[in-house]
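Engineer: Numbering-wise (our numbering), the sequence shown opens with residue 3 and increments by one. The structure's right below; bear with me while I get my questions together.
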Amino acid sequence: MLKAVLFDMDGVIVDTEPLHHKAYYNMFTDFNIEVSASMYQSFTGQSTLNICKILCDHFNLKTHPNNLVERKRFHFKDLFFNDSSLSLVDGVLDLIKDYYRNGVTLVLASSASMTTINNVFTRFDLDQYFVAKLSGADLKASKPHPEIFINAAKASGFNNNECLVIEDSTNGIRAAYDAGIYCIGYDSLNSKNQDYTLANKVISDFNDIHFEIVKNWV
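Now the structure itself:
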């Protein structure tokens, strides 16, 4: 029976992708590089540092990846506090409250920095529902490596086969699959060109995975 749900954040809980897109492309302009749409989409679910390492290698940039990270985060912070379009994904707050009321343990497992995670959780008052928050930026390996979900399951206090992951990216779904955890792929309007093949179930509406529906899936 389901005991814990491990949530991704970007694209699942909060719709930060438009802000990330603006921040990344502002950073690309700062460093005078042209990143194709397909290359950008391939980064979905990875940590900022890992993405910036790839960019430095691909474009042979004579600067440290951390310099790209700092510029991207500078732009994102400005947008986060000044762009009024930021909102929770439709239906996710009701889903979180439904799991919480039914005694499900909730853990956040995101590739975002802990600063961004905390900003989001403070802005939308989400800390009351979650027992732990994990940032992929604090780990040695980024998604699609399974480390973050292995650690998130441990943080929940339950076995992997008592947990499920909600993810919207190819890299996140692969990470859940390799961690041996049941994965629900959330196919949203913002998750463009992602591969859901390895997900156990694919949905586009959070009403389809409320507790009474999924409690016996794992």
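Backbone N, C-alpha and C define an ideal beta-carbon position, used for all residues, glycine too.
Where Thr-18 and Ala-114 are concerned, what is the direct C-alpha to C-alpha distance, given to the nearest angstrom?
Structural biologist: Approximately 10 Å between the Cα atoms of the pair.
Engineer: Work out the CA separation of Tyr-102 and Phe-208 for me, nearest whole Å.
Structural biologist: Spanning the two alpha carbons is a distance of roughly 15 Å.
Engineer: In this structure, does DSSP put Lys-203 in helix, strand or coil?
Structural biologist: Reduced to three states, the DSSP call for Lys-203 is strand.
Engineer: Quick check: the region 152-163 against the region 108-124, are there 3 or more CB pairs under 8 Å?
Structural biologist: With a cut-off of 8 Å, the region 108-124 and the region 152-163 count as touching, because enough Cβ pairs lie within range.
Engineer: Tell me which same chain residues have a C-beta within less than 7 Å of the C-beta of Tyr-179, skipping the five on either side of it?
Structural biologist: Excluding positions up to five away in sequence, the list reads Cys-185 and Leu-200.
Engineer: With 16 other CB atoms within 10 Å as the buried threshold, where does Ser-40 fall?
Structural biologist: With fewer than 16 Cβ atoms within 10 Å of its Cβ, Ser-40 is classed as exposed.
Engineer: Please classify Tyr-188: does DSSP put it in a helix, a strand, or coil?
Structural biologist: In the structure shown, Tyr-188 sits in a strand (DSSP, three-state: E or B).
Engineer: Taking 8 Å as the threshold, find out whether the region 66-73 comes into contact with the region 25-41 through three or more Cβ pairs.
Structural biologist: With a cut-off of 8 Å, the region 25-41 and the region 66-73 count as touching, because enough Cβ pairs lie within range.
Engineer: Spatial neighbours of Thr-46 within its chain, please: CB distance less than 6 Å, with the 5 preceding and 5 following residues excluded, ordered by chain position.
Structural biologist: Cβ within range, chain order: Ser-171.
Engineer: Just mark Leu-191 as buried or exposed, buried being the case when its beta carbon has 16 or more other beta carbons within 10 Å.
Structural biologist: Exposed.
Engineer: Applying the 10 Å Cβ sphere with the 16-neighbour rule, what's the burial state of His-77?
Structural biologist: The residue is buried, with at least 16 neighbouring Cβ atoms inside 10 Å.
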